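Visitor: I have a structure I would like to understand better, so I am pasting it below and will then ask my questions one at a time.
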Amino acid sequence: GAGVSQSPSNKVTEKGKDVELRCDPISGHTALYWYRQSLGQGLEFLIYFQGNSAPDKSGLPSDRFSAERTGGSVSTLTIQRTQQEDSAVYLCASSPDWADTQYFGPGTRLTVL
Amino acid sequence: AQRVTQPEKLLSVFKGAPVELKCNYSYSGSPELFWYVQYSRQRLQLLLRHISRESIKGFTADLNKGETSFHLKKPFAQEEDSAMYYCALTNSNSGYSTLTFGKGTMLLVSP
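Top line first, the protein sequences correspond to chains P and W. Just so you know, the working numbering puts 104 at position 104 of the first sequence, and the rest follows in order with no gaps. Positions in the second sequence are counted from 1; adding 1000 to them yields the working numbering.
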């Protein structure tokens, strides 16, 4: 079946602009995660959704970052007033439930000029 | 705080040689440990998890709680094993689980 999909695959933006990154989880997966993969920092957890609620937002690096999930399915990660240090690959993962294996999407490569 | 350490950024071996990718963790509790792999131009995927105690693509990993290690091993490396390998742990005690990753080890297998 279809795996986790993310769009866009690449995004280049100017410093100070807002960006939205989208994640389509595997159908029926209730748990959804966002991670960030950057040089030097490796893979970092950002936020976790169970259904439409986000019980863990502890990894969001600043208040410029926000995320929502609607209908228990699609999620968007929004970065406001982007900075150069936001440049990274943003990965989304989903799992059938919170304790199950996480399946990753291909990522969105964000470049902030 | 939970932490995963992969001391080697790069491991280069010849085809047929044994491979050991090191992973140490710190966690106050009973963690669940994983190895994820990312082949060139492919997405991150699960290789194995310690509770399954299975061998995938010839790789095995044993959880050593005394040494807080979860090293990944393969007796005879193949060229197609070249990839980025991430060790990760999850904290499932809070009613949900998020992955804490090491910084990864790039494995290069030469012919």
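Beta carbons: idealized from backbone N, C-alpha and C, even for Gly. Just so it is clear, the structure is predicted and the values come from calculations on it, not from any experiment.
Per DSSP, what kind of secondary structure is P:Gln84 in: helix, strand or coil?
Guide: Helix at P:Gln84.
Visitor: Tell me which same chain residues have a C-beta within less than 6 Å of the C-beta of P:Ser7, skipping the five on either side of it?
Guide: Cβ within range, chain order: Arg22.
Visitor: From this set, P:Ile47, P:Val19, P:Asp100, P:Val89, which residue's C-alpha is nearest P:Pro61's C-alpha?
Guide: Residue P:Ile47 is the option with its Cα nearest to P:Pro61.
Visitor: So W:Leu1107 and W:Ala1083 are supposed to be a Cβ contact under 8 Å. How far apart are they, rounded?
Guide: W:Leu1107 to W:Ala1083, Cβ: 6 Å. Contact.
Visitor: For the segment 76-90 of chain P against the segment 1045-1063 of chain W, are there 3 or more C-beta pairs whose distance is under 8 Å?
Guide: Verdict: no, contact absent.
Visitor: With DSSP run on the structure shown, which of helix, strand or coil describes W:Ile1051?
Guide: W:Ile1051 falls in the helix class under three-state DSSP.
Visitor: Which residues bound the beta strand (DSSP E) around P:Ala2?
Guide: P:Ala2 -> no beta strand (DSSP E), and no H or E assigned at all.
Visitor: Residues of chain P with CB closer than 9 Å to the CB of W:Arg1043, please, in chain order.
Guide: What W:Arg1043 touches in chain P: Gly3, Val4, Leu91, Tyr103, Phe104, Gly105, Pro106, Gly107.
Visitor: Tell me, please, whether the segment 1062-1069 of chain W touches the segment 1010-1018 of chain W by the rule of three or more beta-carbon pairs shorter than 8 Å.
Guide: No contact exists between the segment 1062-1069 of chain W and the segment 1010-1018 of chain W.
Visitor: Helix, strand or coil: how does DSSP classify W:Glu1067 here?
Guide: W:Glu1067: coil per DSSP, three-state reduction.
Visitor: May I ask you to list the residues that DSSP assigns as paired with P:Ala93?
Guide: The partner list for P:Ala93 (beta bridge, DSSP) reads P:Tyr33, P:Phe104.
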